[in-house]
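Here's the structure we're looking at; comments come further down.
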Amino acid sequence: MKPRILVTREVFDEVLAQLCAELEVEPNPTDRPLPPEELRARLADKDGVMCALTDRIDSALIDACPRLRVVGNIAVGYNNIDVPACSARGIAVTNTPGVLDETTADLVWALMLATARRLTEAEAYLRNGEWTGWYLKQLLGTDVHHATLGIIGMGRIGQAIARRAAGFDMRVLYHNRKRVEPALERALQARYVAMDELLAEADFVVLQVPYCAATHHLIGAAELARMKPSAILVNAARGGVVDDAALIEALARGTIRAAGLDVFEGEPHFNRGFLALKNVVLAPHVGSSTRATRLAMAMTAAHNVIAVLTGRAAPNRVNPP
Ligand code: GLV
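Take the sequence shown: its position 208, counting from 1, is numbered 608 in my numbering, and each next residue is one higher.
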């Protein structure tokens, strides 16, 4: 009998075909996020799960799924999964690194540019019929070219963001848990600085760290106060890295100029305070959302799940076997 898996969200047909060649697959064609009780009931007799960041894979769920051998997340981040609980039960946890770096970096740049040049505000102005003519001080924005970019988190996505800065003649500062190799610093023309220096110097502060206990509210009231009043914050990493209530307050008071956000605390139930602000550009967690990249992510997750359930090493296992 083939190993049995649950695919918690709708995926592309070619991914399902790949899975079905090796495994018995229970899909979720409605794409409705499965409530915890339903997830538990459906997963109770499965050997694996291909899931998304909308699924919480916690120890109570794992305890209810005695056959489970692999959790294949369709994401590079895996803060939705209790990895130590999986490891304790010998369950492999896998993610999708690499395939979404460039696409996510593009979205970060889209947020930087749109926020600096007030694009969503400008479009609303036009759509609302407020545009009656040209004037010199109309919707004045901030220059991106020749500005200072501060990247917090210099992993693969941070590096892809930094590479793009060369085309805008930007000065690049970064902060990371570990300083990257000198050769890479040279290639990226990026200078390692302490977090406080980055916050004080950068015109654009871009967050690219995973969410975990150490990065919870990494940017709160104190950090926002260290930034320039003209600075722009961009977060396309994870909700919870920023204290959203503190950010709303800082944006309303002019502590910083603006923010571009693709992720929120408690998403999709984000803090409605953002909606009252003009100096934000908001997106619904679509950093990796191009067809090619979402397909590559789902295919990567499928290959990981198939590998574990057919007795091979998963290419992207995050916990040691
Ligand atoms: C998306 O947010 C991901 O972690 O892949």
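Glycine included, every Cβ here is placed at the ideal spot set by N, Cα and C.
Everything numeric in this text was worked out from a predicted model, so none of it was measured.
(request) Output yes or no for whether 8 Å exceeds the beta carbon distance between GLN608 and ILE551. (result) Mapped onto the sequence shown, residue 608 falls at position 208. Mapped onto the sequence shown, residue 551 falls at position 151. Yes, these two residues count as a Cβ contact at 8 Å.
(request) Taking only heavy atoms of the ligand GLV into account, decide whether any of them is closer than 7 Å to the Cβ of LEU453. (result) Position 53 of the sequence shown, counted from the start, is the residue given in the question as residue 453. Under cutoff, so the answer is yes.
(message) Could you tell me which whole alpha helix (DSSP H) segments of length 4 or greater appear in the region 467 to 539?
(response) DSSP runs (the alpha helix (DSSP H)) wholly in the region 467 to 539: 483 to 488, 501 to 516 and 519 to 527.
(request) Drop a sphere of 10 angstroms on the beta-carbon of ASN635, count the other beta-carbons inside from all chains shown, and report buried for 16 or more, exposed for fewer. (result) Here residue 635 refers to the residue found at position 235 of the sequence shown. Per the 10 Å Cβ criterion, buried.
(message) Tell me the rounded alpha-carbon separation between ARG456 and ASP543.
(response) As a first step, residue 456 is located in the sequence shown; it is residue number 56 there, counting from the start. As a first step, residue 543 is located in the sequence shown; it is residue number 143 there, counting from the start. C-alpha separation (whole angstroms): 41 Å.
(message) Assuming the contact rule is C-beta atoms closer than 8 Å, CYS465 and LEU443 should be a hit. Round their C-beta distance to whole Å, please.
(response) In the sequence shown, the residue the question calls residue 465 occupies position 65. In the sequence shown, the residue the question calls residue 443 occupies position 43. Contact between CYS465 and LEU443 holds, with the beta-carbon distance rounding to 5 Å and staying under 8 Å.
(request) Indicate whether VAL572 and LEU549 have their beta-carbon atoms separated by less than 8 Å. (result) Residue mapping note: residue 572 aligns to position 172 of the sequence shown, counting from 1. Residue mapping note: residue 549 aligns to position 149 of the sequence shown, counting from 1. Contact annotation: VAL572 and LEU549 have beta-carbon atoms nearer than 8 Å.
(request) Would you kindly check if the distance between the Cβ of PRO403 and the Cβ of ASN716 is under 8 Å? (result) Position 316 of the sequence shown holds residue 716. Position 3 of the sequence shown holds residue 403. For ASN716 and PRO403, no; Cβs fall outside 8 Å.
(message) So for PHE722, helix, strand or coil by DSSP?
(response) Outside the modelled stretch of the chain, which goes from 401 to 721, sits residue 722, for which no answer is possible.
(request) Measuring from each Cβ to the nearest heavy atom of the ligand GLV, keep the ones under 5 Å and list them in chain order. (result) Output, sorted by chain position: ALA475, VAL476 and GLY477.
(message) Assuming contact is defined by CB atoms lying nearer than 8 Å, are THR408 and ALA714 in contact in what I supplied?
(response) Here residue 408 corresponds to residue number 8 of the sequence shown, with the count starting at 1. Here residue 714 corresponds to residue number 314 of the sequence shown, with the count starting at 1. No, the pair does not count as a contact, with Cβ atoms beyond the cut-off.
(request) May I ask which residues mark the beginning and end of the beta strand (DSSP E) holding ASN635? (result) Along the sequence shown, one-based indexing puts residue 635 at 235. Run containing ASN635: 632 to 635, per the beta strand (DSSP E) assignment.
(message) Among the candidates GLU601, ALA565 and GLY553, whose CA atom is the shortest distance from the CA of ALA754?
(response) Residue numbering for the chain in the displayed model covers 401 to 721; residue 754 lies beyond these limits and cannot be assessed.
(message) Our contact map puts SER688 next to LEU500 with C-beta atoms below 8 Å; I'd like the distance itself, whole angstroms only.
(response) Counting from one through the sequence shown, the residue named residue 688 turns up at place 288. Counting from one through the sequence shown, the residue named residue 500 turns up at place 100. Confirmed, about 4 Å.
(request) Tell me the start and end of each unbroken beta strand (DSSP E) in the region 539 to 592 that is at least 3 residues and wholly inside, in chain order. (result) Counting whole runs of 3 or more residues, the region 539 to 592 contains the beta strand (DSSP E) stretches 548 to 552, 571 to 575 and 590 to 592.
(request) Answer yes or no: do VAL680 and ALA659 have a C-beta to C-beta separation smaller than 8 Å? (result) Working through the sequence shown from its first residue, we reach residue 680 at position 280. Working through the sequence shown from its first residue, we reach residue 659 at position 259. Closer than 8 Å, so yes.
(request) Check each candidate in ALA622, LYS628 and VAL708 and name the one with the smallest Cα separation from TYR645. (result) Against the sequence shown, residue 645 aligns to sequence position 245. Strictly speaking, residue 645 in this sequence is Ala, with Tyr absent from that position. The shortest C-alpha separation from ALA645 is found at ALA622.
(request) Let me know the secondary structure DSSP gives PHE604 once reduced to three states. (result) Counting from one through the sequence shown, the residue named residue 604 turns up at place 204. Of the three classes helix, strand and coil, the one that applies to PHE604 here is strand, per DSSP.
(request) Quick one: give me the first and last residue of the alpha helix (DSSP H) that GLU649 is part of. (result) Taking the sequence shown and counting its residues from 1, one reaches residue 649 at position 249. 644 to 653 is the span of the alpha helix (DSSP H), which, as asked, contains GLU649.
(message) Quick check: what's the CA-CA separation for VAL606 versus HIS669?
(response) Taking the first residue of the sequence shown as position 1, residue 606 is located at position 206. Taking the first residue of the sequence shown as position 1, residue 669 is located at position 269. In this structure, the straight-line span from the alpha carbon of VAL606 to that of HIS669 is close to 23 Å.
(message) Can you check which of these residues, ILE405, GLU422, PHE412 and GLY529, is closest to ARG440 by C-alpha distance?
(response) In the sequence shown, counting from the first residue as 1, residue 440 sits at position 40. The alpha carbon of ARG440 has as its nearest neighbour, out of ILE405, GLU422, PHE412 and GLY529, the alpha carbon of ILE405.
(request) Can you say whether ASN704 is buried or exposed, counting buried as having 16 or more other CB atoms within 10 angstroms of its CB? (result) Taking the sequence shown and counting its residues from 1, the one referred to as residue 704 is at position 304. Answer is buried; the Cβ neighbour count reaches 16.
(message) Tell me the rounded alpha-carbon separation between LEU513 and ARG563.
(response) Within the sequence shown, the letter at position 113 stands for residue 513. Within the sequence shown, the letter at position 163 stands for residue 563. One C-alpha to the other measures close to 16 Å.
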